[in-house]
Amino acid sequence: MRLTVNNIFFSLLLSVGSAAGRTWAAEPMRPVTSAWTIEAGQVLRANTYLSPLRYNGWRAGIGLERWQAMRFNPRDWVMRLTVGANLDHTLSPARNSVMWGLDFRASWAMMWRNRIDALPGVTLGFGPEADLDLGVLYLPRNGNNPAQAEVAATCGLTAYATYVLRAGKLPILLRWQPSVPLIGAFFCPDYGELYYEIALGNRSGLVHCAWPGSYRRFKSLLTADLRFGATALRIGYRADVISSRAGGITDRVEAHSVTIGISGEWLMLNPRRQLSAETETISAFY
Amino acid sequence: MSRRIIFICLLLSGLLTSCHPMPEQLDSPSGNFEALWRVIDEHYCFFEEKDIDWREMHDRYAPMVRENMTQRQLFSVCAAMLNELRDGHTNLSAPFATSYYRGWWSDYPQNFDLRLVEQYYFNFNYQQLGDIFYGILPSNVGYMRVPSFTVGIGHGNIGYILNYFNSCAGLIIDVRDNGGGNLFYAELLASHFIPETTTVGYIMHKTGPGHNDFSKPFAIEYSPAPSGNILWGKPVVLLTNRSTFSAANFFVAVLRAMPNVTVAGATTGGGSGMPYSSELPCGWGVRMSAVSILDHEGRVTESGIEPDSGCAVGLDAVAALDGHDTMIDFAVKLITR
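First to last, the sequence lines map onto chains D and F. 1 is the number of the first residue of the first sequence in our numbering; add one for each residue after it. 287 is the number of the first residue of the second sequence in our numbering; add one for each residue after it.
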């Protein structure tokens with residue numbers, strides 16, 4: 001995990017106008033590994049508030065991921081921030097009705113990591129994760145119940161495993177990253193409650209406790225970062241399975257997507273601080 | 287010990303990642319029939335009020351379903367079963383037809399002739415705003431016909447109309463043949479006749495699939511139109527007929543509670559259940575009354591609202607031939623007596 005500054009792909013805010021600055025040897029540099037991705041795949045969506053049927057179709061999305069070693073213990077702890085959005089277009093089994101889904105998601109996780117001595121190149125990490133999802137399902141054919149808001153805030157566990165290998169001269173970082181929520185809250189109207197009633201002011205019973213009995217989710221991300229010089233090409237596969245039940249309403253999402261994007265490491269330097277030759281750089285991955 | 291740990295891990299992983307069950311829906315004649323019966327069984331809200339044994343309906347109609355029947359034949363069986371609910375808000379929509387229970391109005395006199403009003407009371411010379419038409423009758427009584435609550439109106443629009451009736455002794459609001467629409471528009475119009483924030487009704491939704499699984503009634507409160515708008519305090523007569531339905535039915539229920547409002551005409555058509563939509567595996571849409579709206583006294587008005595005491599009046603067909611709408615004439619007398 002030690003790198004010199006020369007190995008960092010990008011350096012931002014590097015300034016030469018700070019000769020009077022202090023040296024910064026005590027605190028290691030923590031480059032940010034970020035990735036922009038787009039994704040496309042297939043999705044199953046079902047929500048018994050809107051329809052008892054399962055809808056199938058395509059999903060398209062964008063995502064941003066940001067990894068960094070944590071300040072308090074950069075060797076052993078990393079944090080991960082992800083934000084993204086999905087658009088789902090699904091059809092009923094009879095193919096005569098369209099249901100749209102739009103979701104925004106954000107999550108933040110801090111993970112303890114450890115290199116496995118017995119498996120060179122393998123790093124494992126795990127830790128808690130906070131997740132926020134805001135979305136809406138829209139079924140235009142319905143009259144008074146055409147939409148369902150999908151909001152959930154959860155805390156759970158996440159983990160990752162990375163393996164660095166070389167294909168010829170090409171360094172490749174393989175990563176698998178599963179997550180499950182354990183506790184939280186999610187929005188769901190009552191069995192037959194229309195949004196008209198909510199608009200009238202009846203807000204009771206809309207927020208439900210999310211626990212494995214009521215809200216289950218399994219996120220899995222498998223990526224390969226192929227480093228071409230300063231940046232890396234990311235290709236991967238994302239699975240996201242959600243199943244919730246509250247107020248007699250069952251909601252289900254089963255999404256499988258291929259992701260592609262670019263990633264790179266970024267380093268933000270303070271121009272008022274001078275770098276020492278011994279300044280250590282601790283990456284989130286490498 | 288290790289086996290136990292493995293078992294617990296498997297149990298936990300199964301719990302964390304398995305999905306909640308959803309019943310499979312089969313796209314066959316019997317599968318669609320059962321899906322229709324079930325969605326009505328679990329969501330329809332007036333079984334008790336109408337004394338309907340839905341299980342008995344299943345047993346009566348299920349034997350009529352054959353696996354080799356055509357879509358139209360299946361549609362006829364399903365539509366006939368839905369008609370047993372005697373509900374104008376319950377429909378089955380297929381690509382070739384939409385089922386509709388008409389008995390709630392077809393079994394009653396219509397009591398309305400638009401041409402009669404337009405020709406003999408206004409000589410086709412009236413004001414039109416959206417789908418509302420209005421004018422002043424020779425007896426100096428304002429007349430406003432509201433044919434539906436589907437076309438958007440604003441407080442300003444209503445203000446112009448009420449200001450037009452400024453010098454009138456009273457106002458007739460004719461909601462005959464008003465089949466309803468958007469409750470927000472009904473509220474908007476009603477807010478010009480409500481002097482203060484008032485509980486005008488209650489709403490109850492299903493909390494589960496049982497026929498009696500209902501939430502506690504939640505009060506629906508209407509407030510007067512925002513300050514700066516005209517509030518009407520003079521006498522009002524609401525003219526109703528059997529085709530006054532759904533949002534118009536609730537509009538009548540709301541205004542009936544106001545002290546200066548009299549409901550005259552015929553019993554309304556009801557339709558106090560807010561419709562909920564679902565669908566069948568074959569793609570047909572289903573709509574049914576699923577949320578019950580009660581009046582301000584907590585009564586179900588699904589079967590209609592009767593006119594006030596002594597105000598039941600119909601359209602005399604013979605008088606109509608002479609250009610008289612006996613219901614409008616009755617309303618004018620109520621205001622000018």
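Every residue, glycine too, gets a C-beta built ideally from N, C-alpha and C.
Enumerate in chain order the residues of its own chain whose CB-to-CB distance from residue 151 of chain D is below 6 Å, with the five nearest sequence positions on each side excluded.
134, 187
Grouping DSSP H, G and I as helix and E and B as strand, with all else coil, what is residue 459 of chain F?
It is a strand residue.
Under 9 Å Cβ-Cβ, which residues of chain D neighbour residue 306 of chain F?
214, 216, 243, 244, 245, 250, 251, 252
The ligand ADP and residue 144 of chain D: does any heavy atom of the ligand fall closer than 7 Å to the residue's C-beta?
With respect to the ligand ADP, the structure shown offers nothing to examine, as it has no ligands at all.
Hey, would you say residue 617 of chain F sits closer than 8 Å to residue 540 of chain F, going by beta carbons?
no
Given a cut-off of 8 Å on the beta-carbon distance, is the pair residue 40 of chain D and residue 257 of chain D in contact?
yes
Strictly under 8 Å for the Cβ-Cβ distance: is residue 287 of chain D near chain F by that measure?
The shown model of chain D, from 1 to 286, leaves out residue 287 of chain D, and the question about it has no answer.
Give me, in chain order, the residues of the same chain whose beta-carbon lies closer than 8 Å to that of residue 384 of chain F; leave out the 5 immediate sequence neighbours on both sides.
Only 377, 378 meet the Cβ criterion.
In terms of DSSP beta bridges, what is residue 228 of chain D paired with?
D:231
With H, G and I counted as helix, E and B as strand and the rest as coil, what does DSSP make of residue 23 of chain D?
A caution first: residue 23 of chain D carries a pLDDT of 49, below 50, which makes its placement in the model unreliable, though a value can still be read off. When DSSP states are grouped into helix, strand and coil, residue 23 of chain D belongs to the strand group.
Report buried or exposed for residue 386 of chain F, applying the criterion of at least 16 other Cβ atoms within 10 angstroms of its Cβ.
In this structure residue 386 of chain F is exposed. Its beta-carbon is surrounded by fewer than 16 other beta-carbon atoms within 10 angstroms.
Give a yes or no on whether the minimum CB-CB distance between residue 589 of chain F and chain D is below 8 Å.
For residue 589 of chain F, no CB of chain D lies under 8 Å from its own CB, so it is not counted at the interface with that chain.
Output the distance between the C-alpha atoms of residue 204 of chain D and residue 469 of chain F, rounded to the nearest integer angstrom.
In a straight line, the C-alpha of residue 204 of chain D is about 22 Å away from that of residue 469 of chain F.
Euclidean distance between Cα positions of residue 23 of chain D and residue 305 of chain F
Residue placement at residue 23 of chain D is poorly supported in this model, since its pLDDT is 49, which falls under 50; the coordinates still yield a value, given next. The straight-line gap from Cα to Cα measures roughly 55 Å.
I'd like to know whether the C-beta of residue 55 of chain D is nearer than 8 Å to at least one C-beta of chain F.
For residue 55 of chain D, the nearest beta carbon of chain F is not closer than 8 Å to its own beta carbon.
Are the region 351-365 of chain F and the region 485-495 of chain F touching, with three or more C-beta to C-beta distances below 8 Å?
Verdict: no, contact absent.
Mind listing, in chain order, the continuous alpha helix (DSSP H) runs of no fewer than 4 residues lying wholly within the region 142-170 of chain D?
none
Measuring CB to CB, does residue 79 of chain D end up less than 8 Å from residue 35 of chain D?
no
Among F:508, F:498, F:457, which one has its Cα closest to the Cα of residue 471 of chain F?
F:508
Quick check on residue 449 of chain F: buried or exposed, where buried means 16 or more other Cβ atoms within 10 Å of its Cβ?
exposed
Would you say residue 325 of chain F reaches chain D, if we count a Cβ-Cβ gap shorter than 8 Å as a contact?
yes
Give the residues from the region 552-571 of chain F that approach chain D closer than 7 Å (Cβ to any Cβ), ordered along the chain.
560, 561, 562, 563, 564, 565, 567, 568, 569, 571
Going by beta carbon distance, what residues of the same chain come within less than 6 Å of residue 412 of chain F, once the five residues before and after it are set aside?
419, 421
In the DSSP assignment, what residue or residues form a beta bridge with residue 240 of chain D?
D:219, D:255.
Nearest-angstrom Cα distance between residue 266 of chain D and residue 92 of chain D?
45 Å
Buried versus exposed call for residue 311 of chain F [16 or more other C-beta atoms within 10 Å across all chains shown]
Burial call: buried.
Should residue 580 of chain F be flagged as near chain D, meaning a C-beta pair shorter than 8 Å?
no
Exposed or buried, what is residue 456 of chain F when buried is set at 16 or more other beta-carbons lying within 10 Å of its beta-carbon?
With 16 or more other Cβ atoms within 10 Å, it is buried.
Helix, strand or coil at residue 196 of chain D according to DSSP, with G and I counted as helix:
The answer is helix: DSSP assigns residue 196 of chain D an H, G or I state.
Who pairs with residue 492 of chain F in a beta bridge, going by DSSP?
F:500
Out of F:465, F:451, F:388, state which residue places its alpha-carbon closest to the alpha-carbon of residue 436 of chain F.
The shortest Cα separation from residue 436 of chain F among F:465, F:451, F:388 belongs to F:465.
For residue 443 of chain F, report the span of its alpha helix (DSSP H) as first-last.
Where residue 443 of chain F is concerned, the enclosing alpha helix (DSSP H) stretches over 441-450.
Could you give the residue range of the beta strand (DSSP E) that holds residue 128 of chain D?
122-138
Give the C-beta separation of residue 220 of chain D and residue 245 of chain D to the nearest angstrom, bearing in mind that I take them to be a contact with Cβ-Cβ under 8 Å.
The Cβ separation is near 22 Å, so there is no contact.
By Cβ distance, which residues of its chain are closer than 7 Å to residue 605 of chain F, with the 5 residues on each side in sequence left out?
612
Reduced DSSP secondary structure (H/G/I, E/B, other) of residue 562 of chain F:
strand
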